[in-house]
Amino acid sequence: MDFNAWRRRRISEPAYRWARNALPAMSATEREAIEAGDSWWDADLFTGNPDWRKLLAVPPAMLTSDEQRFLDGPVRELCGMLDEWDISWNRRDLPPQVWAFLKAQRFFGMIIPRRHGGLGFSPYAHSEVVRRISAYSITAGVTVMVPNSLGPGELLMQFGTQAQRDYWLPRLADGREVPCFGLTSPEAGSDAASMVDTGIVCRQVVDGRELIGIRLNWHKRYITLGPVATVLGLAFKMSDPDGILGGAKDIGISVALVPTDAPGVEIGRRHLPAMQVFQNGPNSGRDVFVPLDALIGGVERAGQGWQMLMSALAAGRGISLPSLSAAATAMCAHTTGMYARVREQFGIPIGKFEGVQERLASLAGNAYLVEAARRLTCAALNQGVKPAVVSGIMKYHATERMRTSVNDAMDVHAGRAVMDGPSNYLGSLYRAVPIAITVEGANILTRNLIIFGQGAIRAHPYLMPEILALGNPDEERGIEVFHDVFWRHLRHAGMNTLRAIGRAWTGGMLAPAPAS
78 MDFNAWRRRR ISEPAYRWAR NALPAMSATE REAIEAGDSW WDADLFTGNP DWRKLLAVPP
138 AMLTSDEQRF LDGPVRELCG MLDEWDISWN RRDLPPQVWA FLKAQRFFGM IIPRRHGGLG
198 FSPYAHSEVV RRISAYSITA GVTVMVPNSL GPGELLMQFG TQAQRDYWLP RLADGREVPC
258 FGLTSPEAGS DAASMVDTGI VCRQVVDGRE LIGIRLNWHK RYITLGPVAT VLGLAFKMSD
318 PDGILGGAKD IGISVALVPT DAPGVEIGRR HLPAMQVFQN GPNSGRDVFV PLDALIGGVE
378 RAGQGWQMLM SALAAGRGIS LPSLSAAATA MCAHTTGMYA RVREQFGIPI GKFEGVQERL
438 ASLAGNAYLV EAARRLTCAA LNQGVKPAVV SGIMKYHATE RMRTSVNDAM DVHAGRAVMD
498 GPSNYLGSLY RAVPIAITVE GANILTRNLI IFGQGAIRAH PYLMPEILAL GNPDEERGIE
558 VFHDVFWRHL RHAGMNTLRA IGRAWTGGML APAPAS
């Protein structure tokens, strides 16, 4: 009797058919989101026996001499120009001289290569600059962060045509163009794939010539730098109902560059996010015509917008908000520790009270933890890895620990932190916490969908092959693949169970551990 054939017929095939009927079909959008980015050391965790030597062998992130000079020069000079109280309560914007300085020193072009006029900084240098600025001003930190995160610059570098890169990147690097990116709409927040913003392929006469282009209609909100942007990266659903391009009528999510002075664009109004005054606001467009070469990557990239966005976010999530969070947790630990030494109650410094010491310990631990995690993530990014799940973990845990740290600092400072004024260094941080928690994927979604959902599927050695086998239109081939992977999965689970029991009974004596 062939045991392998018997278990395939009696176990694998019934399991396959049951799971195939129970599993909802995976859309192209869902698959692109799951497959975005790379697996890194997070995949080792799902083996049940992580290779600590691999983690310890990751070279630390280091700054080049040019990057260090930039931090010691323009970044330090910029920080000396920032007064968050004046920015937030008097001007409601960065001063004109700060805007001019940011453009002149190419802060908006940190990630753009030198050959295109940018600074060509590494992810670690990018993170260091954002962290340093954010410690002085949330407004300035966000303003510098956004053009170097998900937006026209990143998308052009990854997916743009050579002509698009040659034209746009130098203008973005030196500040002639201020970018923003329109993704969120009233109907689509975290579920951006449900957007109703449209782009219809059409013909239109422009300056006496008939051009093939796209007629855009959209309504976006919560767009950082939107009110002052000169070029809008726009995500929309593209269709070709008249078959002008000769392909599918429903093309899918695409991304185009739209000059904000184009006829039909409405932009300039501002939101006031939690009393933070970085430029943020809604924008919309009615029958805005752009030529086909406005599509990032050209017509060849039409319909690939979701894949492009997920790829860009896979790295960006691990830099921007973790850098801001590292600045916030370090500042909270630093200022609260000093305050607890000089503030006295009942004749002794409040830092002597055990309740206060509990909060100080939490502050110090979170500051070191977030900083260490930030540096490790940047080390991976410096190596060219795009760790989608690790970036999600960083975004979630860094901002959650920022929230805990700010609350701990507020508790220790008490009334000192409640009364607003030029000397209140915690008030702006406290108001900014909900923004960090919400943007680039609200934390509830980040935890459940990216860390646990995408993480379990991407990092697990067998789940993704099983899911793909279940979705295979060739059922016979699907059963063949599923049978092989299914039994390897069971063997893997059994070994992990036995390993866990053995290590529990021996107190972990047989488990490999990282060197101290």
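Using this note's numbering, read the sequence shown as starting at 78 and increasing by one per residue.
All C-beta atoms, glycine included, are put in the ideal place defined by N, C-alpha and C.
All figures in this text were calculated on a predicted structure; none of them were measured in a lab.
- Distance between leucine 503 and tyrosine 445, taken at the CA atoms: about 19 Å.
- Per the Cβ contact rule, the region 236-251 is not in contact with the region 199-206 (fewer than 3 Cβ pairs under 8 Å).
- By the Cβ rule, the region 265-285 does not count as touching the region 217-235, because fewer than three pairs are nearer than 8 Å.
- Bridge partners of lysine 297 according to DSSP: Asn360.
- In this structure serine 388 touches alanine 113 by the C-beta definition: roughly 5 Å separates them, less than 8 Å.
- Take the alpha-carbon of serine 142 and the one of tyrosine 473: they are about 32 Å apart.
- Put simply, the backbone Cα of histidine 560 is about 9 Å away from that of arginine 84.
- Assigned with DSSP and collapsed to three states, arginine 286 falls in strand.
- According to the DSSP assignment, alanine 177 belongs to the alpha helix (DSSP H) that extends over 173-181.
- Spatial neighbours of proline 350 in its own chain (CB-CB distance under 7 Å, excluding positions within 5 residues in sequence) are listed in chain order as Asn357, Ile512.
- In the structure shown, leucine 309 adopts extended strand secondary structure according to DSSP, grouped into three states.
- DSSP places glycine 259 in no alpha helix (DSSP H) but in the uninterrupted beta strand (DSSP E) bounded by 256-259.
- Cβ-Cβ distances below 7 Å link asparagine 126 to Arg576 in the same chain, with the five nearest sequence neighbours on each side left out; the list follows chain order.
- Using a Cβ-Cβ distance cut-off of 8 Å, the region 161-177 and the region 495-510 are in contact, since at least three pairs of beta carbons, one from each stretch, lie closer than that value.
- Rounded to the nearest angstrom, the Cβ distance from glycine 518 to isoleucine 527 is 7 Å, consistent with a contact under 8 Å.
- With a cutoff of 8 Å on beta-carbon distance, glycine 395 and valine 467 are scored as near each other.
- In the structure shown, phenylalanine 366 falls within a strand segment according to DSSP collapsed to helix, strand and coil.
- For serine 505, the uninterrupted alpha helix (DSSP H) run begins and ends at 504-515, by DSSP.
- Shown here for proline 137: same chain residues with a beta carbon closer than 8 Å to its own, the five before and five after excluded, namely Arg452, Ala456 in chain order.
- The beta carbon of alanine 96 is closer than 7 Å to those of Leu547 in its chain, skipping five residues each way along the sequence.
- Excluding its 5 nearest sequence neighbours in each direction, isoleucine 578 has no C-beta neighbour in its own chain below 7 Å.
- Membership of serine 331 in any alpha helix (DSSP H) is not indicated; the residue belongs instead to the beta strand (DSSP E) covering 327-336.
- With 16 or more other Cβ atoms inside 10 Å of its own Cβ, leucine 293 counts as buried.
- Taking 8 Å as the cut-off, the beta carbon of valine 342 is found closer than this to the beta carbon of glycine 362.
- Here alanine 312 is not near threonine 412, since their CB atoms are 8 Å or more apart.
- Taking a contact to require three or more Cβ pairs closer than 8 Å, the region 252-269 and the region 202-217 do not qualify as touching.
- Judged by their CB atoms, leucine 171 and threonine 216 are nearer to each other than the 8 Å cut-off.
- When beta bridges are read from the DSSP output, proline 464 appears opposite Asp115.
- Ranking Ser402, Asn98, Glu161 by CA distance to the CA of methionine 352 puts Glu161 first.
- Within the same chain, and ignoring the five residues on either side of methionine 541 in sequence, the residues whose Cβ sits closer than 6 Å to its Cβ are Ile534.
- Nearest to alanine 404 by alpha-carbon distance, out of Ser211, Arg153, Pro91, is Ser211.
- Beta-bridge annotation (DSSP): serine 262 is paired with Ala265.
- Counting other Cβ atoms within 10 Å of its Cβ, lysine 429 stays below 16 and is therefore classed as exposed.
- Shown here, glutamine 145 sits in a helix according to DSSP, grouped into three states.
- Within its own chain, the residues whose Cβ lies closer than 6 Å to the Cβ of serine 482, once the five positions on either side in sequence are excluded, are Thr406, Cys409, Leu440, Asn443, listed in chain order.
- For glutamine 422, the three-state secondary structure derived from DSSP is strand.
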